[in-house]
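Count the sequence shown with UniProt numbering and you get residues 1 to 232, in order. The C-beta atom is built at its ideal place from N, Cα and C for all residues, glycine as well. Owing to the predicted nature of the structure, the values given are computational and were not obtained by experimental measurement. The next block holds one structure in the form of structure tokens; read it before the comments.
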Amino acid sequence: MEDYQKRSIRQWAIEDRPREKLIQKGIGSLSNAELLAILIGSGSQKESAVDLSRKILHDAHNNLNELGKATIESLQKGYHGVGEAKAITIVAALELGRRRQLSSPVERPQIRKSEDVFALMHPTLADLPHEEFWILILNQANKVINRFNTSKGGIAGTVIDVRLIMEKALYQHASSLILCHNHPSGNRKPSQADISITKKLTEAGKILDIQVLDHLIVAENHYFSFADEGMM
Numbered sequence: 001m002e003d004y005q006k007r008s009i010r011q012w013a014i015e016d017r018p019r020e021k022l023i024q025k026g027i028g029s030l031s032n033a034e035l036l037a038i039l040i041g042s043g044s045q046k047e048s049a050v051d052l053s054r055k056i057l058h059d060a061h062n063n064l065n066e067l068g069k070a071t072i073e074s075l076q077k078g079y080h081g082v083g084e085a086k087a088i089t090i091v092a093a094l095e096l097g098r099r100r101q102l103s104s105p106v107e108r109p110q111i112r113k114s115e116d117v118f119a120l121m122h123p124t125l126a127d128l129p130h131e132e133f134w135i136l137i138l139n140q141a142n143k144v145i146n147r148f149n150t151s152k153g154g155i156a157g158t159v160i161d162v163r164l165i166m167e168k169a170l171y172q173h174a175s176s177l178i179l180c181h182n183h184p185s186g187n188r189k190p191s192q193a194d195i196s197i198t199k200k201l202t203e204a205g206k207i208l209d210i211q212v213l214d215h216l217i218v219a220e221n222h223y224f225s226f227a228d229e230g231m232m
């Protein structure tokens, strides 16, 4: 069998190529050398990017902290096939990893009651002269992992695309959703259209095992909660 070391990565089996392996099997399946190979992109005529990465890691005692001490100059001078651009990429990636370790986790707001939703969305919706419909995506702990504006309308209403909302919810691994929109008129009472879209999204969520917990209507400094009113 021909040795992979003598062949370019493009000649490898698809499942063995670092980028394709990442896509097919997930980032956790890649070794440090394979991850480094993705960063540098290519090796030299004598060795593949993966073999070059193995050599770089070997010289750093297979320790990423040691590799983090490498300079652009030492990488360029120490390895055939590592030019300035590749050396900069390696140094920048390791610095980014160091800064990640120093960063604090993002504090995600947790929704326990309708007042929490109102406090979160009131600054965004209260003073708008037109309607906007927003979706809050929650994880299993009822923490907001994302929120997005799904539509903007006029004074009297906005158009909602159920398929688009559920597509985004699935993509972001939502455990549950909260719907929220505003009434520029200041009237908290839900319209028939509000009731209808709530039912549609709730039914769609049941099929996909994504619970719609509430629908809040923000009207100036007040709000209406479908859940509080027993309408969910």
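GLN45 in three-state terms, based on DSSP: coil
Endpoints, the beta strand (DSSP E) within which ARG147 is located: 144-152
Classification of LEU136 by the beta-carbon crowding that lies within 10 angstroms, buried from 16 upward: buried
Taking DSSP as the reference, what is the three-state secondary structure of ASP214? strand
If you check the beta carbons only, do MET232 and THR202 fall under 9 Å apart? yes
Residue burial classification, residue 233 (beta-carbon count within 10 angstroms, cutoff 16): Given that the chain is displayed from residue 1 to residue 232, the structure contains no residue 233 and the question cannot be resolved.
Around the C-beta of GLU15, are 16 or more other C-beta atoms found within 10 angstroms, so that it is buried, or is it exposed? Any reading at GLU15 is ruled out, since the residue's pLDDT is 49, under 50, leaving its predicted position unreliable.
Three or more C-beta pairs closer than 8 Å, one from the region 176-190 and one from the region 213-221: is that the case here? yes
Residues in the same chain with beta-carbon distance under 6 Å from LEU67, minus the five sequence neighbours each way, listed in chain order, please. ALA60
For the structure I just gave you, are there three or more beta carbon pairs, one from the region 25-45 and one from the region 79-88, closer than 8 Å? yes
For ARG7, name the three-state secondary structure that DSSP assigns. Bear in mind that the predicted position of ARG7 carries a pLDDT of just 48, short of 50, making it unreliable; the figure below should be weighed with that in mind. In this structure, ARG7 counts as coil in the three-state DSSP scheme.
ASN187, DSSP secondary structure in three states: coil
Proximity below 9 Å, CB of LYS200 to CB of VAL144: no
Which one of PRO184, GLN76, ASN139 has the shortest CA to CA distance from ILE210? ASN139
When you compare each of PRO123, PHE226, GLU95 to THR71 by their alpha carbons, which one comes out closest? GLU95
Nearest candidate by alpha-carbon position, reference ARG188, set SER225, ALA141, LYS86, GLN110: SER225
I'd like to check one pair, ALA87 with ASN221: are the Cβ atoms closer than 9 Å? no
Nearest-angstrom Cα separation, counted from LEU22 out to LEU30: 7 Å
Boundaries (first-last residue) of the alpha helix (DSSP H) holding SER29: First-last for SER29: undefined, no H or E at that position.
Tell whether a beta-carbon distance below 9 Å holds between GLU131 and PRO190. no
State the DSSP-derived secondary structure class of GLU229, mapped to helix, strand or coil. coil
Looking at the ligand FAD, does it come within less than 8 Å of LEU52, judged from the CB to the closest heavy atom? Ligands are entirely absent from the displayed structure, and the ligand FAD is therefore not among its contents.
Would you mind sorting ASN62 into buried or exposed? The rule is 16 or more other CB atoms within 10 Å of its CB. exposed
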